[in-house]
Amino acid sequence: MNALPLFREYMGVGLLIIWYLVALLHLFWTEKRKDRRILFVYVPLILLVLFFNPLCFLIFQRLLDEEIFYRMLWLLPVTMTLGYDVVRICQELQGKKRVTFGAAAVILLTISGRLVYDSPYFSKAENIHHVPQEVVEICDCIEVPGIEVLAAFPPEMLHFVRQYSSTICMPYGREVLLDEFSELEFVMHYQQVDVARLAELAKAQNCHYIILSAQKELTGRMEDYDYEMIKRVGDYLVYRDNSSDFYQ
Amino acid sequence: MIKILLACAGITIFPWVVGRPLAPSRERGGRLLFSWIYGQLVLWAAFLVLSVPMILIGKNYAQVRTAYAYVCVALFVIACGATLFPWLRRRKTGEGAGADGKMEPWFGKKRWTQALWIAFACILLVQVLCALFLAYEDGDDAYYVAITTYCQGEKPLYRIIPYTGFTTELQARHALAPFPVWVAILAEASGLSGAATSHVMMPLLVLLMTYGLYALIGRRLFQTQTEQGKGWTLPLFLCFVALLIMFGGYSIYSPENFLVVRAAQGKAVLANVVIPALVYAMMLLLEALEKQEKVPSRLWVVLFAIMTTSCLCSSLGGFLLCIFLGLTVFCACICYHRWKLMVGACVTMLVPMVVAALYMIL
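Protein chains in written order, with our numbering: chain S, 1 to 248; chain Y, 1001 to 1362.
Below, the structure written as structure tokens:
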């Protein structure tokens, strides 16, 4: 990997970085003040040279992490340079020309970027914690103040549980969604859940609770393995292991 | 509710008092913003210097929080003294406040200027409402917000796997940038949960600090124009900045994207507060050189605070800011033949250098 793919990823889907480079060149030719030239022209140009320099990339790769090399581009004052250059041009124009240029710049910059809220990961907040309400209700149901409990959650809830409660521990966490493997999570992940294997793995890890989606097909009854369904929260069933030392 | 209001006062009035002695006397009208933002940076810098050694030697959250409270009170008292004594002296001798009076008021009276300010306020309001009422599912929150949530009482810091809650050995590299611990102190002070503080309070704080900095930058960029009665330049600049932030979703790596979706994470604070704060401080430094004036000593204090805060936000932060500061000062040395600046710049880089050394060793 070299710096060019990282730069392309940083540019993303829009043209804003292209407009930034155009503004940079415009300032290179037109900016007269030395202090502004240093901040908005010389330093960014040197930064770009450093970014695309293979030696610099190699040093960064050895010392730190190549995947975060793109953060060097944060040092480019993209937003302020674009804003500064557009307003400067507006100042030089008069009357209708100024208004037309300002409006054109607004439209161009808007369509060249992408609305930051236009992402499938945004949703209406269900509570003040900005955590799914089902997670909040399940955590409130199984939480024991001052004591840590261990609960196996379905993969879609892994991100949120420990953001909301620090006393609920999990036998596996977000790392299984990245690169690590957990057989317990693997068993819970399938549409058809092997109850015998699930109970065996959960008991081996001293899980006090198992949270299962009601949409899953179970190969047997959880009750046959000393589990008791204590609550249904939305689409999820909360099972408690009555054989656990915790409840003896 | 009272706790929330007190916490809000703690992140507004408190930093404002701490930053007051650092504000340039020329910054007429902008002193309040400058004092608040840079005061907060000083407090963050103090938190880093205090918390990292304590975490590394195994102190728990309660000890770090208590020590930070003492340091905050000490900084508050020092800042009050540093503000009051010169003021009393000036009053006694009858000198002015030192404002050079070149800048116009923030809000012009012309209809176009007011319309632009209203447009900017509307965009800002939309962003604030989105921060309050829209939730974003970010994977990294499972790490950083979980750290904030588990920071309670006697619990050891950075010795627990945030994803699962199991104990582990010291996670040294993350411990070098303990921004989530500061968020935990804010959460405790406000009485809100760690998740609510991270997802509601922090986005508002970071958003307002970011726009505050852009307002200061815009004011400085267009100050000579406002002299000519072109008061519309600053609100127009801010409207463009707000639009660029709103349409900054072109890449998941852009600072604007970080500002909107990951405001509670140190990386977002680095990209949107600390880096613009450094740019603004460099503008002040270069302006002093342009006018062939002496660089004020308080500017070096400000730079020291910015460089130190960068380490609190991200273990890479100090490295990035050293590059920017080094390049800017190098260019300034060549353009203005003021080679002594290098010495000052090196001193401000002390903490990032120590943190970088620890990063390599641990």
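Don't be surprised by glycine CBs; every beta carbon is placed ideally from N, CA and C.
Please read these numbers as outputs of a predicted model, since none were measured by experiment.
- When C-beta distances to chain S are compared with 8 Å, the residues of the segment 1175-1205 of chain Y below that value are L1192, S1193, G1194, A1195, A1196, S1198, H1199 and V1200, in chain order.
- Taking the C-beta atoms as reference points, P1352 of chain Y is found no nearer than 8 Å to L1303 of chain Y.
- At a cut-off of 8 Å, the C-beta of I1217 of chain Y has a neighbouring C-beta in chain S.
- For chain S, none of the residues of the segment 1015-1035 of chain Y brings a beta carbon within less than 8 Å of one of its beta carbons.
- At a beta-carbon threshold of 8 Å, the residues of chain Y lying near W74 of chain S are P1255, L1270, A1271, I1275 and L1320, ordered along the chain.
- R33, K34, D35, R36, R37, I38, L39, Y42, V43, I46, L47 and L50: these are the residues of the segment 27-50 of chain S whose beta carbon lies less than 9 Å from some beta carbon of chain Y, given in chain order.
- Counting C-beta atoms within 10 angstroms of its own C-beta, I1160 of chain Y has 16 or more neighbours from the protein chains shown and is therefore classed as buried.
- The beta-carbon separation of F28 of chain S and V49 of chain S, rounded to 14 Å, does not stay under the 8 Å limit for a contact.
- With its beta carbon less than 8 Å from one in chain Y, V86 of chain S belongs to the interface.
- Of the candidates Y:L1043, Y:C1311 and Y:C1335, the residue whose Cα lies closest to the Cα of H1174 of chain Y is Y:C1311.
- Around the Cβ of D224 of chain S, a 10 Å sphere holds fewer than 16 other Cβ atoms; the residue is exposed.
- Linking G1191 of chain Y to C1072 of chain Y through their CA atoms gives a straight-line distance of about 19 Å.
- Proximity to T110 of chain S across S:H129, S:L82 and S:L73 peaks at S:L82, based on C-alpha coordinates.
- Taking a 10 Å sphere around the C-beta of R162 of chain S, we find 16 or more other C-beta atoms and assign the residue as buried.
- Under DSSP, no beta-bridge partner is assigned to F101 of chain S.
- Proximity of chain S to A1281 of chain Y at the Cβ level (cut-off 9 Å) is not reached, the minimal Cβ distance being about 11 Å.
- In the DSSP annotation of this structure, E228 of chain S is not part of any alpha helix (DSSP H); the continuous beta strand (DSSP E) holding it starts and ends at Y227 to V233.
- Listed in chain order, the beta strand (DSSP E) elements of length 3 or more contained wholly in the segment 1272-1317 of chain Y amount to none.
- The alpha carbon of A1196 of chain Y has as its nearest neighbour, out of Y:L1043, Y:A1146 and Y:G1218, the alpha carbon of Y:A1146.
- DSSP places P1053 of chain Y in the helix class (H, G or I) of the three-state scheme.
- Annotation for L1124 of chain Y: the continuous alpha helix (DSSP H) segment containing it runs R1111 to F1133.
- What Q1152 of chain Y touches in chain S, judged by beta-carbon distance under 8 Å, is S166, going in chain order.
- Rounded to the nearest angstrom, the Cβ distance from A1281 of chain Y to I1306 of chain Y is 6 Å, consistent with a contact under 8 Å.
- For the pair R1065 of chain Y and I1185 of chain Y, the CB atoms are nearer than the 8 Å cut-off.
- Under the DSSP assignment, R1159 of chain Y falls outside any alpha helix (DSSP H); it carries neither an H nor an E label.
- In this structure, G220 of chain S and Y1250 of chain Y do not form a Cβ contact; the two beta carbons are roughly 51 Å apart against a cut-off of 8 Å.
- Neighbourhood of S1251 of chain Y in chain S, by CB distance below 8 Å: E9, Y10, M11, G12, V13 and G14, in chain order.
- The C-alpha of K97 of chain S is placed about 16 Å away from the C-alpha of W1232 of chain Y.
- A contact is defined here as three or more CB-CB pairs under 8 Å, and the segment 1235-1242 of chain Y meets this definition with respect to the segment 77-95 of chain S.
- Chain order gives the chain S residues near V1145 of chain Y as Q163, where near means a beta carbon separation below 7 Å.
- Taking C-beta atoms under 8 Å as the contact rule, L212 of chain S and L177 of chain S fail to qualify, at a distance of about 18 Å.
- Selection Y:S1051, Y:W1087, Y:C1151 and Y:L1056 evaluated against Y1070 of chain Y yields Y:S1051 as nearest (Cα-Cα).
- Within chain Y, the residues L1243 have their CB atoms less than 7 Å from the CB of V106 of chain S, given in chain order.
- Taken in chain order, the unbroken stretches of alpha helix (DSSP H) that lie wholly in the segment 90-149 of chain S and span 4 residues or more are 95-112 and 133-142.
- The residues I230, K231, V233 and V238, in chain order, have a CB closer than 8 Å to that of C141 of chain S in the same chain once the five nearest residues on each side in sequence are set aside.
- Secondary structure at N206 of chain S: coil, using DSSP grouped into helix, strand and coil.
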